[in-house]
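Trainee: Chains as they are written, first to last, in the working numbering: chain P, 76 to 154; chain E, 76 to 154. Glycine residues also receive a C-beta, built at the ideal position from the N, C-alpha and C atoms. Only a predicted model underlies this, so the values are computations on that prediction, with no experimental measurement involved.
There are 2 protein chains.
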Amino acid sequence: MTKTVKVHIFLKPGVLDVQGKAVEGALNGLGWPGVANARVGKLIEFDFDGEGDPQAEVKRMCETLLANTVIESYRIEIG
Amino acid sequence: MTKTVKVHIFLKPGVLDVQGKAVEGALNGLGWPGVANARVGKLIEFDFDGEGDPQAEVKRMCETLLANTVIESYRIEIG
Numbered sequence: 076m077t078k079t080v081k082v083h084i085f086l087k088p089g090v091l092d093v094q095g096k097a098v099e100g101a102l103n104g105l106g107w108p109g110v111a112n113a114r115v116g117k118l119i120e121f122d123f124d125g126e127g128d129p130q131a132e133v134k135r136m137c138e139t140l141l142a143n144t145v146i147e148s149y150r151i152e153i154g
Numbered sequence: 076m077t078k079t080v081k082v083h084i085f086l087k088p089g090v091l092d093v094q095g096k097a098v099e100g101a102l103n104g105l106g107w108p109g110v111a112n113a114r115v116g117k118l119i120e121f122d123f124d125g126e127g128d129p130q131a132e133v134k135r136m137c138e139t140l141l142a143n144t145v146i147e148s149y150r151i152e153i154g
C-alpha cells in the first residue's frame, strides 16, 4: 500500500544555521523584533510503496541519502 | 506570549521541482523503486513574540519575505 512520507531535516542544535540567522535578521529589520531562534530546515515529501516496514525503510533512506547525520537530525512522519 | 511558529513552504503543483526529481531518482537508484512524487520544500521555525494576531502577522511575513508566492505555497502552524 502506498504511504505518504514526510521527512523533516534540521541542522543539529549547536551547528550554526546561517540561513536561519539571515531570516531572523531580515524579519527583525522588517518590523518584527519579536522573532528569535529562527531555524531553516528541509521538508521532503514522497509516496512510498514497498516491502518491509516503511518506518525502517525511510530511516535507512535518511541515513543513506537524505540527511547528513554528522550535522543534521531528522524526523519521520508516515501517514 | 512567545509562540512557536512553523512555516512549510513548497513549490506549487505544476512548478517543476528539480530537487524533488533528484531525490526521487537517487532513491529509485539506491534500491527503492517504490518512491514517487518526491517534493522538496523548506521548513522555517522560529519563536515569535509580538502584538496582534500571530496568524495574521506570520501570513504577512510569508507574503513579504519567506515565500515567493508566484511559485510557492505555504502553510502556517502556530503552537
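1. For chain P, is any of its Cβ atoms less than 8 Å away from the one on M136(E)?
2. When the distance is taken between beta carbons, is T79(E) closer than 8 Å to G154(E)?
3. Under a Cβ-count criterion, where at least 16 other Cβ atoms within 10 Å of its own Cβ denotes burial, should G95(P) be classed as buried or exposed?
4. Anything in the region 111 to 135 of chain P with a Cβ closer than 8 Å to a Cβ of chain E? List those residues in chain order, please.
5. With A111(P) as the anchor, note down where its beta strand (DSSP E) starts and where it stops.
6. Relative to chain E, which residues along the region 84 to 108 of chain P have a C-beta separation below 7 Å, given in chain order?
7. Can you give the beta carbon distance from V115(P) to D92(P), rounded, assuming they're within the 8 Å contact cut?
8. Can you pull the chain E neighbours of T139(P), defined as C-beta to C-beta under 8 Å?
Mentor: The relevant details are as follows:
1. By 1-based counting over the second sequence, the position of residue 136(E) is 61. For M136(E), the answer is yes, since a Cβ of chain P falls inside 8 Å of its Cβ.
2. Here residue 154(E) corresponds to residue number 79 of the second sequence, with the count starting at 1. Here residue 79(E) corresponds to residue number 4 of the second sequence, with the count starting at 1. Yes, these two residues count as a Cβ contact at 8 Å.
3. Working through the first sequence from its first residue, we reach residue 95(P) at position 20. By the neighbour-count rule (16 or more Cβ atoms within 10 Å), G95(P) is buried.
4. A111, N112, A113, R114, V115, G116, K117, L118, I119, E120, F121, D122, F123, D124, G125, E132
5. Numbered from 1 along the first sequence, position 36 holds the residue referred to as residue 111(P). For A111(P), the enclosing beta strand (DSSP E) starts and ends at 110 to 123.
6. Interface annotation for the region 84 to 108 of chain P against chain E: V98, E99, A101, L102, L105, W107, criterion Cβ-Cβ distance under 7 Å.
7. The count along the first sequence starts at 1 and reaches residue 115(P) at position 40. The count along the first sequence starts at 1 and reaches residue 92(P) at position 17. About 6 Å separates the two Cβ atoms, so the contact holds.
8. For the purposes of this step, residue 139(P) is identified with residue 64 of the first sequence, where counting begins at 1. Those within 8 Å of T139(P) in chain E are L105.
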